[in-house]
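Numbering (the numbering used here), first residue to last: 2 to 133.
Below is one structure, written out as structure tokens, with a few remarks after it.
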């Protein structure tokens, strides 16, 4: 936070929502009927869980769900969110809760506790190695 500032950390959370959503959608094996559909399964499941976080401001949920939908449609989540201006602290907090829920879902889908941590470390390492 000290190095990059609140705005960039918030944008990073939006980026990670996109990465994790892409992996949840893309890492499913099995028959078509057993696959988690992003629009009818993934997004409603997360929406139902968000109220469990007492600090989640309900007014922020539409924007956070918009980020999740952008990710589910294969869009660049950071570019999509940036079009609406700076991320407020209450919205950033809800993005953090969203990451928590997605991480739990991903770990459960692949039946490997810590899978999200490994995925995020690999993603961030690849970004650090990218000269762009």
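Virtual Cβ for every residue (Gly too), placed ideally from N, Cα, C.
Item, Value
"Nearest-angstrom Cα separation, counted from residue 114 out to residue 96", "21 Å"
"Between the CA atoms of residue 47 and residue 112 - distance to the nearest angstrom", "19 Å"
"Straight-line Cα distance separating residue 117 from residue 104", "6 Å"
"Cβ shell of residue 91 (< 8 Å), same chain only, five flanking positions each side left out", "58, 60, 61"
"Length of the line joining the Cα atoms of residue 56 and residue 69", "19 Å"
"As assigned by DSSP and simplified to three states, the class of residue 63", "helix"
"Cβ pair residue 21, residue 100 closer than 8 Å", "yes"
"Span separating the alpha-carbon of residue 67 from that of residue 73", "10 Å"
"Which of helix, strand or coil DSSP assigns to residue 127", "helix"
"Minimum length 4: unbroken alpha helix (DSSP H) runs contained in the segment 69-111", "78-83, 90-110"
"Cβ neighbours of residue 52 in the same chain (closer than 8 Å, five flanking residues each side left out)", "59"
"Whole-angstrom distance between residue 15 and residue 121, CA atom to CA atom", "13 Å"
"Exposure of residue 11, with buried meaning 16 or more beta-carbon neighbours within 10 Å", "buried"
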